[in-house]
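Engineer: 705 is the number that this note's numbering gives the last residue of the sequence shown; the numbers go up by one with no jumps.
We treat Cβ as the ideally placed atom computed from N, Cα and C, and that holds for glycine.
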Amino acid sequence: MPSTLAQVYTRANQGIRAPAVSVEVHLSQGLPCLNIVGLPEAAVRESKDRVRSALINSGFDFPDGRITVNLAPADLPKEGGRFDLPI
Numbered sequence: 619m620p621s622t623l624a625q626v627y628t629r630a631n632q633g634i635r636a637p638a639v640s641v642e643v644h645l646s647q648g649l650p651c652l653n654i655v656g657l658p659e660a661a662v663r664e665s666k667d668r669v670r671s672a673l674i675n676s677g678f679d680f681p682d683g684r685i686t687v688n689l690a691p692a693d694l695p696k697e698g699g700r701f702d703l704p705i
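(1) Give the straight-line distance between the Cα atoms of Ser676 and Gly633, rounded to the nearest whole angstrom.
(2) Put Asn675 into one of helix, strand or coil per three-state DSSP.
(3) Nearest CA to the CA of Ala660: which residue from Glu697, Pro704, Leu703?
(4) Measuring only the C-alpha atoms, how far is Leu652 from Asp682?
(5) Below 6 Å CB to CB, which residues in the same chain sit around Pro704 once its five sequence neighbours on both sides are set aside?
(6) Assign Gly656 to buried or exposed, taking buried as 16 or more other Cβ atoms, counted over all protein chains shown, within 10 Å of its Cβ.
(7) Since Gln632 sits in a beta bridge, which residues does DSSP pair it with?
(8) Is the beta carbon of Leu689 sitting closer than 8 Å to the one on Val643?
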């Protein structure tokens with residue numbers, strides 16, 4: 619599997635502000651795992667199970683190998699299920 623990178627943009631919710639968040643997903647060879655980095659809170663960390671289930675139930679193959687999801691900027695807290703779709 620060649621190394622692959624995908625990037626999409628979304629918004630976080632911070633009071634009345636909606637700061638931009640970059641969601642970067644990197645697929646690479648290695649032991650199968652899914653890691654979410656970039657200061658995710660509990661609901662965002664749980665999204666890995668929801669995203670995996672949604673992909674499989676939609677008829678897509680879940681990729682083998684190491685999957686790293688980066689939510690940038692890292693100093694901005696990310697909360698809630700709003701990041702499921704961009705991931």
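Structural biologist: In this structure, then:
(1) 34 Å
(2) helix
(3) Glu697
(4) 10 Å
(5) Val626, Thr628, Val641
(6) buried
(7) Arg635
(8) no
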